[in-house]
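One structure is given below, encoded as structure tokens.
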Amino acid sequence: MRVINNPPEIATHRSRKFSHTMNTTHRFLILSSVAATAAFFSGCASEGVKNPSGVPVTQMNPDEQGFVAGTGVESQDLVTVTDKMARSILSTPAIASATTPPRIIIDPVENATRFPIDKSLFSDRIRIMLNSKAYGRVVFLARDRMKALEHERELKQSGQVTSSYDPNPVAFKGADFVLTGKLGGLTTQTSAGTSDYILYSFQLIDARTSEIVWEDSAEIKKQGLEDAAYR
Amino acid sequence: MAPRASALPRLMAPRKHEPTGRLTLLHVLHRGGVALLMLAAFELLTGCMDGPAPRPSIAYTGDPIVDGNAELAAAPPKDRVLWDDRIAATALRLGNFDEAKAKLDDAIVKGGGIINHTADAAKARSLFHPEDTKTFIGEPYERIMDYYYRAMIYWRDGEPDNARACYRTGQVLGSDVQTQQYKSDFVLLYYLEGLASERLGEDASDILARAQALTKRHLPPYNKDANVLVFAEYGHGPIKYAGGEYGEQLRFYTEESPIRSARLTIDGHKVGLPPYDNLNYQATTRGGRVMDHILGNKAVFKGTTDTVGNVAFLGAAIAANQNSRQGNEAAVGLAAIGLISKLASAATTPRADIRAWDNLPQFLSFAALKLAPGEHSGQVEYLTRDGETDPEFTREVTITVPADPSANTIVFLSELPH
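Sequences listed follow chains B and P, in order.
Read left to right, the first sequence gives residues 1 to 231 (our numbering).
Read left to right, the second sequence gives residues 1 to 418 (our numbering).
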């Protein structure tokens, strides 16, 4: 005798009902889990903040329309500017056509930007570039070492140290030209970021006539936006 | 006899009257849900394990510079500028300008650029790390003071153009660009910029006018012959604390200093040193930060997940009381969601960064003098609101002016302890 505990139609109905309930429960659990986890992972405190990571500093052409305004003087600017100035000085007629190498002294560059910098780096690198690449077409005078040079001369004059030449006549040479420069800047700051434009200008001035025999400039504009954590 | 379906593990059991594909999808989703829950819990737990490294012990000597440098060496990299700042202020008060210069340069290099795409800043913005995870560079008034103090040393080194650059950057830092409501109103940043421009042979009358427009106090006209620059400070600066339900709001505690002015008497002449700038005012009047918005979002997330957790646990309790298999399953699911939500809430850290350059002054003052080369004796007195001298703070001062007429003598007077 075959005993049917669960008639097929009843079993099927129960199975469907159970399956439906289980499906609902599973769906609820799954959807709740997914929703909770999605909320967990996507829940971002930076929501509503534009560019939460900030925008990397980008170098742009001075005539290019920027999205904000810039930042400071860096090593690549120093190299770019001084390379350009050194090449430009050598091509000026006062240097290129000189029968004897002109003597140049350096007057410290003036910093009119908002960035405190070691200003001597600019004139130092121009001098180094010219001395190393121009093969004697210009001569720089070490006026910034006058104190040490005068002391050495005094020692020789007083006979405290030996000398291979007569130390009494003044042998320190005068300059034909003065090389100087100025760094000027403009700053713009908005909620979109900070932008700085810097004009690097250099001049070669005739020490006898005060004529500016050469002048050149370089412009660099930078802009960036800080991480929202710092805004 | 075929095995009964119920004998199979529940998740493996085939269900009658259901297409095989649907079964598979449900199973995958179910397993995926469980996996996601586990992953979320794992993330929470691993996030909580990201704690600070143990701090090395410090043998204090009583020398504030030595001890400060020991603190700096023991501090995590993210706090380096904080200790640079504190040591710099102390060094200036001790007359150790070289130490102050080194520390201020370090602080300016680290905080002076455009900081973005750094891991610690991203962490500070994330839900599960406090704001002080980020590298400290200070709030605008603190960053301004880096430049203000550094400019003083540039004056001392005979570089008025670099001093001016510092004042100009300070002005940029003092502007509130988020709301566009506040331009820098730091009087001395403008006044001293003008002084530097005068020294460089420029006409600074417009800068002086701009500085004068920022204060009701009369600013003395620039003295081109002045060779002694006196920088004075008194009172205690702002202290930060965290407000709001979860400490997500950066707030400032300020205490009005009983000292409201200073007076330098040198060679019998009295020189007033009134408060031109108030750092408490500078700290508390600037507009809101973008980071405040982020911290607010964190606080909302923390509160919401906590509420969701409460509701889920309540639902779980109700479902469990139904005494049915379905009810039990729902209770387990709701309890899991409640647990995740509670864990998420507990792990969310909206706390504001309250690290502060805590040895700053409240008031800043300045005077320029013309003194003959040689030594000059005098005293500095600090005055209360009523104009009474507080003898506790009266100090004898000696100013040595070099023979070089182009040299600037910098005198730094501080009422604050070292």
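C-beta atoms are modelled at their ideal positions from N, C-alpha and C, and glycine is treated no differently.
Residue contact check for N321 (chain P) against chain B: no CB pair falls below 8 Å. G338 (chain P) and Y246 (chain P) have their C-alpha atoms spaced approximately 20 Å apart. When P:R395, P:L416, P:P391 and P:H376 are compared, the shortest CA-CA separation from P402 (chain P) is found for P:H376.
Chain B has a Cβ within less than 8 Å of the Cβ of D161 (chain P). For T307 (chain P), the enclosing alpha helix (DSSP H) has its first and last residue at V290 to A320. Cβ neighbours of L92 (chain P) within its own chain (closer than 8 Å, five residues either side excluded): A100, Y149, M152, F412 and S414.
Against chain P, the beta carbon of L225 (chain B) has neighbours under 9 Å at I114 and N116, listed in chain order. Between V81 (chain B) and Y200 (chain B), the CB-CB gap stays under 8 Å. Excluding its 5 nearest sequence neighbours in each direction, D106 (chain P) has C-beta neighbours in its own chain below 8 Å: R80, V81 and D84, listed in chain order.
The Cβ of R156 (chain P) sits no closer than 8 Å to any Cβ of chain B. As summarised for the stretch 133-182 of chain B, the continuous alpha helix (DSSP H) elements at least 4 residues long and confined to that stretch are 146-157, given in chain order.
In the three-state reduction of the DSSP assignment, R125 (chain P) falls in the helix class, which pools H, G and I. Interface annotation, V161 (chain B): not in contact with chain P, CB-CB separation never under 8 Å.
If you check the CB distance, G181 (chain B) and S132 (chain B) do not come in under 8 Å. By the C-beta criterion, the stretch 297-307 of chain P is judged to be in contact with the stretch 346-357 of chain P, since at least 3 inter-stretch pairs fall below 8 Å. For A213 (chain P), the closest of P:A165, P:H236 and P:L188 by C-alpha to C-alpha distance is P:L188.
Chain order gives no chain P residues near Y197 (chain B), where near means a beta carbon separation below 8 Å; the closest approach is about 13 Å. Under the rule that a run must span 4 or more residues, the alpha helix (DSSP H) segments found entirely inside the stretch 136-201 of chain P read 140-156, 160-174 and 187-199. Listed along chain B is no residue with a C-beta nearer than 7 Å to that of V81 (chain P); the closest approach is about 12 Å. Taking the beta carbon of V172 (chain P) as reference, the chain B residues within 8 Å of it are R114, T187, Q189 and T194, listed in sequence order.
For K134 (chain P), at least one C-beta of chain B is nearer than 8 Å to its own C-beta. With respect to the 8 Å criterion, F186 (chain P) and I144 (chain P) are classified as neighbours on the basis of their beta carbons. Contact check between the stretch 222-239 of chain P and the stretch 360-380 of chain P: three or more CB pairs, one atom from each, fall below 8 Å, which counts as touching. Using a CB distance cut-off of 8 Å, A107 (chain P) does not count as an interface residue toward chain B. Contact of P169 (chain B) with chain P by beta-carbon distance below 8 Å is absent, the smallest such distance being about 29 Å. Exclusion of the five residues before and after E198 (chain P) leaves A204, Y222 and K224 as the residues of its chain whose Cβ lies within less than 8 Å of its Cβ. T92 (chain B) has a beta carbon lying at 8 Å or more from every beta carbon in chain P.
Rounded to the nearest angstrom, the Cβ distance from A89 (chain P) to L360 (chain P) is 7 Å, consistent with a contact under 8 Å. Contact of A228 (chain B) with chain P is assigned, a C-beta pair being separated by under 8 Å. Counting along the chain, the unbroken alpha helix (DSSP H) around S88 (chain B) starts and ends at S75 to S91. Around the beta-carbon of T409 (chain P), 16 or more other beta-carbon atoms lie within 10 Å, marking it buried.
Between G158 (chain P) and A407 (chain P), the CB-CB gap stays under 8 Å. H236 (chain P) and Q282 (chain P) have their alpha carbons spaced roughly 13 Å apart.
Under the 8 Å Cβ criterion, the stretch 241-261 of chain P counts as touching the stretch 380-393 of chain P, having at least three qualifying pairs. Cβ neighbours of A317 (chain P) within its own chain (closer than 8 Å, five residues either side excluded): A331.
Here K270 (chain P) is exposed, its C-beta having fewer than 16 other C-beta atoms within 10 Å.
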